[in-house]
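Asks:
In this note's numbering, the protein residues as written are 58 to 291.
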């Protein structure tokens with residue numbers, strides 16, 4: 058009942074501070090699988106997707122004050138999808154992966170969106186891990202390899218000297234914690250999406266995998282903010 062009450066409040070047009078507080082409470086509650094059973098419905102998933110700006114295809118991410126709401130809504134969706142098989146099935150029905158790819162594209166060349174990007178990538182990782190149909194959809198319909206590779210490239214701030222060769226700057230500073238976390242989530246999602254890609258058939262696929270290989274090499278030459286984070290990145 059508490060979760061249902063929180064979602065009823067979130068469905069209304071409330072203040073940003075109230076939305077963040079409600080989502081933080083829901084995120085904590087959503088760690089309990091028993092609590093999730095009555096609230097994992099299509100309507101409730103759509104409420105969270107709307108707060109995460111996953112229902113707007115064209116609108117850019119412009120209102121910085123809304124960013125904490127987007128991040129908390131994505132965190133809630135991560136918990137719910139991880140803990141609920143019903144939510145995993147609803148994700149396919151609601152075309153969640155396509156909406157996440159769209160939001161990821163909006164994060165390109167944007168300031169102050171690293172947290173949004175990181176939890177978007179984490180949710181794509183969870184979906185591709187837990188639902189084989191979504192993994193196939195990402196690979197075949199949504200250009201998931203390209204989208205995730207570009208997200209990884211952006212997180213690593215890759216510069217190119219040739220088509221498949223990145224610039225090597227041994228004096229470059231380590232990645233920030235946020236950049237490292239984004240790169241790690243992109244790598245995890247890429248692993249899932251390319252898991253069954255043993256046969257590369259088209260010229261475009263060949264280009265995409267050579268491009269990805271160059272970025273992965275660059276990743277191995279990159280350091281994170283700590284030794285532990287560098288090890289996790291590699």
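Quick reminder that beta carbons are idealized off the backbone N, C-alpha and C, glycines included.
(1) Sorted by chain position, which residues of the same chain lie with C-beta nearer than 6 Å to residue 106's C-beta, five sequence neighbours on each side aside?
(2) Going by other Cβ atoms of all chains shown within 10 Å of its Cβ, with 16 needed for buried, is residue 87 buried or exposed?
(3) Please say whether residue 205 and residue 247 have beta carbons closer to each other than 7 Å?
(4) Mind reading off the beta-carbon distance from residue 128 to residue 172? Whole number of angstroms is fine, and I expect it under 8 Å.
(5) Just to check my reading of the structure: residue 181 and residue 151 have Cβ atoms closer than 8 Å, yes? What is that Cβ distance to the nearest angstrom?
(6) Would you say residue 242 touches the ligand SAM, meaning its beta carbon is less than 6 Å from a heavy atom?
(7) Would you mind stating whether residue 96 and residue 61 have Cβ atoms separated by less than 7 Å?
(8) Which residue or residues does DSSP assign as beta-bridge partners of residue 294?
(9) If you follow the beta strand (DSSP E) that residue 218 is in, where does it begin and where does it stop?
(10) Are the CB atoms of residue 126 and residue 292 within a distance shorter than 7 Å?
(11) Name, in chain order, the residues that DSSP records as bridge partners for residue 222.
(12) Measuring CA to CA, which of 184, 179 and 275 is closest to residue 222?
(13) Under the assumption that residue 282 contacts residue 213 (Cβ atoms under 8 Å), give the Cβ distance between them as a whole number of angstroms.
(14) Give the range of the alpha helix (DSSP H) segment to which residue 207 is assigned.
(15) Using 8 Å for Cβ pairs, my map puts residue 195 next to residue 145. What's the rounded Cβ distance?
(16) Distance, Cα to Cα, residue 177 vs residue 131?
(17) Going by C-alpha to C-alpha distance, which of 250, 159, 141 and 286 sits closest to residue 116?
(18) Would you please state the rounded distance, in angstroms, between the beta carbons of residue 179 and residue 135? I believe it to be under 8 Å.
(19) On the CB-based measure, 16 or more other CB atoms within 10 Å of its CB, does residue 249 come out buried or exposed?
(20) Can you tell me whether DSSP reads residue 238 as helix, strand or coil?
(21) Out of 217, 147 and 273, state which residue places its alpha-carbon closest to the alpha-carbon of residue 184.
(22) Closest to residue 101 by CA distance: which of 85, 197, 124 and 133 is it?
(23) Could you name the residues of the same chain whose beta carbon sits closer than 7 Å to that of residue 231, not counting the 5 residues immediately before and after it, in chain order?
Replies: Result, derived from the coordinates:
(1) 112
(2) buried
(3) When the beta-carbon positions are compared, residue 247 and residue 205 come within less than 7 Å of each other.
(4) Residue 128 to residue 172, Cβ: 5 Å. Contact.
(5) Their Cβ separation, rounded to whole angstroms, is 14 Å, which puts residue 181 and residue 151 out of contact at 8 Å.
(6) The ligand SAM is not part of the structure shown, which contains no ligands of any sort.
(7) yes
(8) As displayed, the chain neither begins before 58 nor continues past 291, which places residue 294 out of reach and without an answer.
(9) In the DSSP assignment, residue 218 falls within the unbroken beta strand (DSSP E) covering 217-219.
(10) Lying before the first or after the last residue shown, residue 292 is absent from the chain, which here runs from 58 to 291.
(11) Beta-bridge analysis with DSSP links residue 222 to 219.
(12) 275
(13) About 14 Å separates the two Cβ atoms, so there is no contact after all.
(14) 201-213
(15) The Cβ separation is near 14 Å, so there is no contact.
(16) 7 Å
(17) For residue 116, the closest alpha carbon among the candidates 250, 159, 141 and 286 is that of 159.
(18) 6 Å
(19) buried
(20) helix
(21) 147
(22) 133
(23) 280, 281 and 282
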